[in-house]
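Just so it is clear: in the sequence shown, position 203 is 801 by the working numbering, and no numbers are missing. Ideal Cβ placement from N, Cα and C applies to all residues, glycine included. Given the structure is predicted, the values throughout are model-derived calculations rather than measurements. Here is the structure we will look at.
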Amino acid sequence: MTTQGNGDAQAPMTFEQFRDAFYYGRHSDMQFKFLKKLSDAEAAEVIASILAALGAAFDTGDYERVRRIAYDAQVRAYSPSSEPEAQVDDAPFTPLARPLEDTRLALISAGGVFRADEDPMGPDGPTQEEVLDLLGEFLRSAPTLTRIPVGTHDSELTARHPGYDARTAQRDIGTVFPLTHLRDIARDGVVQLTDVHYTFTGATSHSKLRKEIAPRWAEQLAAEEVDAALLVAT
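Put into structure tokens, the structure is as follows:
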């Protein structure tokens with residue numbers, strides 16, 4: 599197994615490096631980043647099972663088993679070995695001040711979502727493939743908060759992110775920015791939505807985010823009379 603090295607040279611890649619490459623690397627893929635959390639033996643068994651099911655699907659046209667194998671492997675990889683206990687050491691638990699149906703809720707996503715006609719990196723912003731090489735630059739930079747009006751349709755939105763394969767989000771923006779689903783439950787009277795919702799790129803300087811940026815964002819949301827926020831990670 600090889601990977602592209604400096605220039606045109608092909609450098610050997612171990613199976614462990616191959617697995618890791620789906621997390622933060624050249625093969626970054628939201629569907630298969632779970633491979634990093636498996637041992638070589640476990641990952642090999644999952645990949646072999648997927649390939650076997652894929653080969654059968656070529657004949658039958660039924661790809662559901664392929665999806666199911668990948669989904670079950672994701673669940674196994676991400677599930678904790680024991681029931682986790684919530685621990686918050688640096689902030690008090692804050693209950694809702696009013697019933698949920700009277701709460702003005704804002705959606706905040708770290709998925710790098712933006713309106714397709716308002717690219718935050720300019721009209722000639724990088725493609726998803728190009729931005730993968732900019733991970734280090736993003737991790738050193740402060741995040742920018744993008745505003746999305748509540749009535750924005752999914753078809754008007756796209757995503758770009760150096761920390762995961764945003765092509766999944768581009769196909770279904772609701773995977774990282776479920777505004778359409780929130781509008782549905784708001785119509786049922788479950789909750790109220792604010793007029794504007796927010797996104798940023800989670801691959802960023804978390805030190806700057808925690809110490810400088812997030813407090814300013816909190817003040818901004820409070821000034822806009824946001825009662826609560828739904829935070830969505832990737």
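- At a Cβ-Cβ threshold of 7 Å, L807 and L791 do not count as neighbours.
- Secondary structure note for R617: it is in no beta strand (DSSP E), and the uninterrupted alpha helix (DSSP H) holding it is F613 to D618.
- Between A668 and L636, the C-beta spacing is not below 7 Å.
- By the CB criterion at 7 Å, T701 and V789 fall inside the cutoff.
- With fewer than 16 other beta carbons inside 10 angstroms of its own, A816 counts as exposed.
- Between A641 and L633, the gap from beta carbon to beta carbon is short of 7 Å.
- With contacts defined by Cβ atoms closer than 7 Å, T756 and A714 form a contacting pair.
- Here V794 is bridged, per DSSP, to P747.
- In the three-state DSSP reduction, V788 falls in the coil class, being neither helix nor strand.
- Along the length of the region 655 to 742, whole beta strand (DSSP E) runs at least 3 residues long occupy 702 to 707 and 711 to 713, reported in chain order.
- Under the DSSP assignment, L819 falls in the alpha helix (DSSP H) whose first and last residues are A812 to A821.
- In this structure, the beta-carbon distance from F775 to V711 falls below 7 Å.
- Excluding residues up to 5 positions away in sequence, R758 and P760 lie with their Cβ nearer than 6 Å to the Cβ of V729 in the same chain.
- Look at T756 here: in three-state DSSP terms it is strand.
- At a Cβ-Cβ threshold of 7 Å, T742 and P718 count as neighbours.
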